[in-house]
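Quick note, the sequences are listed as chains A and B, same order. For the first sequence, numbering that gives the first Met the number 0 gives the first residue as 0, with consecutive numbering after it. For the second sequence, numbering that gives the first Met the number 0 gives the first residue as 0, with consecutive numbering after it. Glycine residues also receive a C-beta, built at the ideal position from the N, C-alpha and C atoms. To start, the structure itself, in structure tokens.
Protein chains: 2
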Amino acid sequence: MIDQTLLPHEHVTLAFDDYREVARAIKEMRVRGAPAIGATAAFAMALAAQHSPARTTEHLLADLREAAEVLIATRPTAVNLAWAVRRVLRRAEAARDLAPDAIRALVLAEAQRIADEDVAINKRMGAHGARLIRDGDTILTHCNAGALATVDYGTTLGVIRAAHEAGKRIHVLVDETRPFLQGARLTAWELMQEGIPMTLITDNMAGHFMSRGRVNIVLVGADRVAANGDVANKIGTYSLAVLAKENGIPFYPVVPTSTIDLEIAAGDDIPIEERDPREVTHIRGVPIAPSGVHVANPAFDVTPHRYVTGIITEEGIVYPPFGLGLRQVKEKAESYGA
Amino acid sequence: MIDQTLLPHEHVTLAFDDYREVARAIKEMRVRGAPAIGATAAFAMALAAQHSPARTTEHLLADLREAAEVLIATRPTAVNLAWAVRRVLRRAEAARDLAPDAIRALVLAEAQRIADEDVAINKRMGAHGARLIRDGDTILTHCNAGALATVDYGTTLGVIRAAHEAGKRIHVLVDETRPFLQGARLTAWELMQEGIPMTLITDNMAGHFMSRGRVNIVLVGADRVAANGDVANKIGTYSLAVLAKENGIPFYPVVPTSTIDLEIAAGDDIPIEERDPREVTHIRGVPIAPSGVHVANPAFDVTPHRYVTGIITEEGIVYPPFGLGLRQVKEKAESYGA
Numbered sequence: 000m001i002d003q004t005l006l007p008h009e010h011v012t013l014a015f016d017d018y019r020e021v022a023r024a025i026k027e028m029r030v031r032g033a034p035a036i037g038a039t040a041a042f043a044m045a046l047a048a049q050h051s052p053a054r055t056t057e058h059l060l061a062d063l064r065e066a067a068e069v070l071i072a073t074r075p076t077a078v079n080l081a082w083a084v085r086r087v088l089r090r091a092e093a094a095r096d097l098a099p100d101a102i103r104a105l106v107l108a109e110a111q112r113i114a115d116e117d118v119a120i121n122k123r124m125g126a127h128g129a130r131l132i133r134d135g136d137t138i139l140t141h142c143n144a145g146a147l148a149t150v151d152y153g154t155t156l157g158v159i160r161a162a163h164e165a166g167k168r169i170h171v172l173v174d175e176t177r178p179f180l181q182g183a184r185l186t187a188w189e190l191m192q193e194g195i196p197m198t199l200i201t202d203n204m205a206g207h208f209m210s211r212g213r214v215n216i217v218l219v220g221a222d223r224v225a226a227n228g229d230v231a232n233k234i235g236t237y238s239l240a241v242l243a244k245e246n247g248i249p250f251y252p253v254v255p256t257s258t259i260d261l262e263i264a265a266g267d268d269i270p271i272e273e274r275d276p277r278e279v280t281h282i283r284g285v286p287i288a289p290s291g292v293h294v295a296n297p298a299f300d301v302t303p304h305r306y307v308t309g310i311i312t313e314e315g316i317v318y319p320p321f322g323l324g325l326r327q328v329k330e331k332a333e334s335y336g337a
Numbered sequence: 000m001i002d003q004t005l006l007p008h009e010h011v012t013l014a015f016d017d018y019r020e021v022a023r024a025i026k027e028m029r030v031r032g033a034p035a036i037g038a039t040a041a042f043a044m045a046l047a048a049q050h051s052p053a054r055t056t057e058h059l060l061a062d063l064r065e066a067a068e069v070l071i072a073t074r075p076t077a078v079n080l081a082w083a084v085r086r087v088l089r090r091a092e093a094a095r096d097l098a099p100d101a102i103r104a105l106v107l108a109e110a111q112r113i114a115d116e117d118v119a120i121n122k123r124m125g126a127h128g129a130r131l132i133r134d135g136d137t138i139l140t141h142c143n144a145g146a147l148a149t150v151d152y153g154t155t156l157g158v159i160r161a162a163h164e165a166g167k168r169i170h171v172l173v174d175e176t177r178p179f180l181q182g183a184r185l186t187a188w189e190l191m192q193e194g195i196p197m198t199l200i201t202d203n204m205a206g207h208f209m210s211r212g213r214v215n216i217v218l219v220g221a222d223r224v225a226a227n228g229d230v231a232n233k234i235g236t237y238s239l240a241v242l243a244k245e246n247g248i249p250f251y252p253v254v255p256t257s258t259i260d261l262e263i264a265a266g267d268d269i270p271i272e273e274r275d276p277r278e279v280t281h282i283r284g285v286p287i288a289p290s291g292v293h294v295a296n297p298a299f300d301v302t303p304h305r306y307v308t309g310i311i312t313e314e315g316i317v318y319p320p321f322g323l324g325l326r327q328v329k330e331k332a333e334s335y336g337a
């Protein structure tokens with residue numbers, strides 16, 4: 000994996016052969032983005048299977064269940080991680096009649112399938128979403144929901160890439176996304192590499208540009224969507240949604256159906272990860288606040304569905320009321336896997 | 000003056016004997032905050048008078064008019080700067096019958112009077128505003144409208160200090176205030192020095208805490224208030240006002256009457272300063288974005304008066320409709336000087 004904590008200043012690729020090291024890399028956000036950590040955790044399950052000394056299927060499954068717990072515990076908000084790990088585990092458990100090495104092969108194949116599907120899903124979301132983008136539009140985005148946040152192509156940046164590839168002249172306003180600066184470091188870098196025109200702004204400028212009529216649509220990713228359409232995403236998303244509604248600007252999360260969690264009724268039940276205060280008080284090791292200052296660092300917030308114009312998925316765009324539509328796209332996506 | 004670009008990491012005091020150096024320090028934001036740059040520019044006028052080689056009153060007044068132009072051009076948004084410079088200039092022009100040295104003395108006395116008045120005004124605003132703060136309240140604030148932004152005591156932080164001095168148990172949520180980090184560097188530092196409980200957050204967390212019922216009142220400073228009550232203040236203020244309204248939280252700018260500009264009918268006419276992109280792309284000299292990235296850096300935004308609950312001034316709190324009330328407090332304040 001690319002070490003995303005070092006981008007865009009350094010481009011370092013990391014390799015792992017212990018799933019516990021992968022778990023730590025996820026926790027430290029060396030890899031981040033809901034779909035990317037899902038696929039990464041699936042491959043970590045394959046590593047756990049590969050390196051398990053188990054000689055019986057029973058022991059191997061016990062090792063895999065332990066690995067699944069460690070991996071799922073790394074980050075609580077994004078549901079794709081648990082979704083991918085459980086999918087791999089189910090695949091192994093369904094094959095409990097086979098020998099350990101056969102299960103090891105199945106687990107690796109399932110991880111690879113999750114990764115391959117992710118790219119295809121992003122291209123389908125891109126095609127659906129690009130229809131919302133008009134020639135000349137300015138798109139505001141937050142955090143990084145790009146190729147780096149996925150296996151490739153991206154969710155939000157997938158829509159932006161698809162619109163750009165279709166020849167639409169677009170401009171992207173990129174929130175820097177404090178504290179981790181995914182916008183400044185990752186989204187700006189991806190867009191510059193693609194030659195898509197963009198302007199970097201601080202998060203608190205987004206409302207100003209909306210109020211001046213300079214934003215046509217807001218596109219964000221998501222870490223979990225509840226059954227009622229409430230959206231957990233990177234801290235700051237809720238504010239953008241309120242500001243978009245106030246200024247009559249459409250607001251669309253772009254999410255693979257694996258991000259939809261029908262077991263969570265509403266956003267208030269989504270666990271919000273609190274991260275290290277040092278992410279706020281230090282930037283690249285440099286202190287920016289008085290020593291000993293008290294800090295809050297919630298990594299995500301919840302946008303109630305009343306602020307959401309529509310949700311772009313690989314199975315199409317879901318509009319309110321979200322309850323039925325989300326169930327439909329989720330069932331449709333899962334029917335392929337059956 | 001304290002070099003505010005170095006706080007809280009270094010505490011360096013600067014001294015000047017050329018008004019042009021003071022102008023540069025204002026431009027570089029070594030001193031910032033609408034009332035503070037007003038008082039600073041007034042003393043810069045005194046320096047200009049002191050060091051002018053003029054032997055006639057006519058020449059001295061010409062030199063002062065030139066200094067006034069240089070000083071007013073440094074920062075376009077905050078009106079206190081122009082207000083203070085023009086007040087000093089008027090004092091000199093009204094005394095055109097006197098000898099140059101007498102005018103030099105008058106100019107210095109007027110600058111000192113502006114500085115002395117500022118502290119008294121802040122204490123009066125503090126007393127008015129503190130009545131809005133209840134025991135147990137959490138106050139959200141943005142940027143630095145503290146002792147550092149004024150001659151002493153502060154506008155917004157004056158209200159907070161007054162509530163704290165009255166024994167109310169309060170907590171302050173401090174927006175870090177990108178790009179210049181006045182909240183993280185200056186407001187956090189001031190509050191910690193006073194022992195007022197506080198939590199530092201990134202700007203994009205403010206909406207999240209409002210939506211969770213964790214904010215009781217929003218207090219901000221202002222750089223200019225138009226005749227209709229529209230408020231220009233540090234970038235990000237507009238977003239806070241919209242989010243406060245959406246969540247039923249009162250939103251009060253705290254402004255001396257010198258910040259009210261009755262010659263500007265509405266906020267759209269207030270000039271918004273665009274600052275160096277490097278403030279966004281670098282933090283304390285460290286790059287945080289890809290080299291060559293395109294950046295916008297508006298230093299202020301405008302909050303339409305429909306989001307403003309009330310405006311706290313030294314002459315009392317003005318409520319909507321603002322047109323009449325702002326004129327009344329402005330006239331009342333100016334009647335003392337007559």
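Checklist entry - Roughly how many angstroms lie between the CA atoms of B/Y152 and B/I316, to the nearest whole one? => result For B/Y152 and B/I316, the gap between their C-alpha atoms comes out near 18 Å.
Item to check | Closer than 8 Å at the beta carbon, the chain B residues around A/H8 | outcome: P286, listed in chain order.
Checklist entry - How big is the Cα-Cα spacing for B/L185 and B/R31? => result Distance between the alpha carbons of B/L185 and B/R31: 11 Å.
Checklist entry - I think A/T238 touches B/L242, with their Cβ atoms under 8 Å apart; what is that distance to the nearest whole Å? => result For the sequence presented, residue 238 of chain A should be read as Ser rather than Thr. That pair is a contact at about 6 Å.
Checklist entry - Can you list the residues of chain A that B/V292 reaches, using a CB-CB cut of under 7 Å? => result The answer, in chain order, is A187, M191 and L199.
Next on the checklist: Less than 7 Å between CB atoms is the rule here; does B/L5 satisfy it with respect to chain A?
Outcome noted: Chain A, which has no Cβ nearer than 7 Å to the Cβ of B/L5, makes this no.
Item to check | The beta strand (DSSP E) enclosing A/K233, as first and last residue numbers | outcome: Looking at the DSSP string, the run of the beta strand (DSSP E) that includes A/K233 is V230 to K233.
Checklist entry - Would a C-beta distance cut-off of 7 Å place B/V230 and B/T302 closer than the cut-off? => result The answer is yes: Cβ separation under 7 Å.
Checklist entry - Going along the chain, which residues of its own chain have a beta-carbon closer than 6 Å to the beta-carbon of A/M197, five neighbours each way excluded? => result Cβ within range, chain order: V171, V173 and L190.
Checklist entry - If you measure beta-carbon to beta-carbon, which residues of the stretch 203 to 221 of chain B are closer than 8 Å to chain A? => result When C-beta distances to chain A are compared with 8 Å, the residues of the stretch 203 to 221 of chain B below that value are N203, M204, A205, G206, H207, F208 and S210, in chain order.
Checklist entry - Near A/L261, what residues of its chain come up, given a Cβ to Cβ distance below 8 Å and the 5 sequence neighbours on each side ignored? => result Taken in chain order, the residues that qualify are A226, L325, R326 and K329.
Checklist entry - When the distance is taken between beta carbons, is A/H304 closer than 7 Å to A/T236? => result Between A/T236 and A/H304, the C-beta gap is not smaller than 7 Å, which leaves the two residues out of contact.
Checklist entry - Can you name, in chain order, every residue of its own chain whose Cβ lies under 6 Å from the Cβ of B/L107, other than the five neighbours on each side? => result Excluding its 5 nearest sequence neighbours in each direction, B/L107 has C-beta neighbours in its own chain below 6 Å: A45, listed in chain order.
Item to check | Residue span of the beta strand (DSSP E) that contains A/F179, given as start and end | outcome: Unbroken run through A/F179: none, as it is neither H nor E.
Checklist entry - Can you tell me whether DSSP reads A/G247 as helix, strand or coil? => result Residue state, collapsed to three classes: coil.
Checklist entry - At a CB-CB cut-off below 7 Å, which residues of chain B make contact with A/G235? => result For the C-beta of A/G235, the chain B residues within less than 7 Å are, from N- to C-terminus, N203.
Item to check | Straight-line gap, B/A337 to B/R86 (C-alpha atoms, nearest Å) | outcome: In this prediction, B/A337 scores a pLDDT of 43, lower than 50, which makes its location untrustworthy; the coordinate-derived value is nonetheless stated afterwards. Their backbone Cα atoms lie some 12 Å apart in a straight line.
Next on the checklist: Can you check which of these residues, A/P270, A/I195 and A/E109, is closest to A/I138 by C-alpha distance?
Outcome noted: Cα-wise, what sits closest to A/I138 is A/I195.
Item to check | Contact set between the stretch 85 to 99 of chain B and chain A, restricted to residues whose Cβ is under 8 Å from the partner | outcome: Listed in sequence order: no entries.
Checklist entry - Which bits of chain A does B/E245 rub up against, with CB to CB less than 8 Å? => result Correct list: V241 and E245.
Next on the checklist: Comparing C-alpha positions only, which one of B/G166, B/G145 and B/V150 sits nearest to B/G157?
Outcome noted: Of B/G166, B/G145 and B/V150, the smallest CA-CA separation from B/G157 is found for B/G145.
Checklist entry - Does the beta-carbon distance from A/R223 to A/V84 come in below 7 Å? => result Against a cut-off of 7 Å, the Cβ pair of A/V84 and A/R223 comes out as no contact.
Checklist entry - Which term fits B/V11, buried or exposed, when burial requires 16 or more other beta carbons within 10 angstroms of its beta carbon? => result By the neighbour-count rule (16 or more Cβ atoms within 10 Å), B/V11 is not buried but exposed.
Checklist entry - So what does B/I169 bridge to, in DSSP terms? => result Beta-bridge pairing links B/I169 to no other residue.
Checklist entry - Taking just the CA atoms, how far does B/F179 sit from A/I200? => result Near 13 Å, if we compare the C-alpha coordinates of B/F179 and A/I200.
Checklist entry - Could one say the Cβ of A/R160 lies closer than 7 Å to chain B's Cβ atoms, at least one of them? => result Output row for A/R160: interface = no.
Checklist entry - To which residues of the same chain is A/A22 closer than 6 Å at the C-beta, ignoring the five residues directly before and after it? => result Contacts found: V69, L70 and T73.
Checklist entry - Per DSSP, what kind of secondary structure is B/M204 in: helix, strand or coil? => result In the structure shown, B/M204 sits in a helix (DSSP, three-state: H, G or I).
Item to check | Span separating the alpha-carbon of A/G135 from that of A/V279 | outcome: The C-alpha of A/V279 is placed about 36 Å away from the C-alpha of A/G135.
Checklist entry - In chain order, which continuous runs of the beta strand (DSSP E) of length 3 or greater are located wholly inside the stretch 281 to 332 of chain A? => result Taking 3 residues as the minimum length, the beta strand (DSSP E) runs contained wholly in the stretch 281 to 332 of chain A are 299 to 302, 310 to 312 and 315 to 317, in order along the chain.
Item to check | Pairwise C-alpha distance: A/K122 and A/T149 | outcome: Distance between the alpha carbons of A/T149 and A/K122: 12 Å.
Checklist entry - In the DSSP assignment, what residue or residues form a beta bridge with B/V253? => result For B/V253, which the question treats as bridged, DSSP gives the partners B/I311.
Checklist entry - What do you reckon, are the CB atoms on A/P338 and A/E272 nearer than 7 Å? => result Lying outside 0 to 337, the shown extent of chain A, residue 338 of chain A is not represented and no answer is given.
Checklist entry - What are the boundary residues of the alpha helix (DSSP H) that B/R29 is part of? => result Following the DSSP letters along the chain, one finds B/R29 in no alpha helix (DSSP H), marked with neither H nor E.
Item to check | Closest residue to A/A162 among A/L218, A/R211 and A/M0 (Cα-Cα distance) | outcome: For the residues A/L218, A/R211 and A/M0, the minimum Cα distance to A/A162 belongs to A/L218.
Checklist entry - Around the Cβ of B/S51, are there at least 16 other Cβ atoms within 10 angstroms (buried) or fewer (exposed)? => result With 16 or more Cβ atoms within 10 Å of its Cβ, B/S51 is classed as buried.
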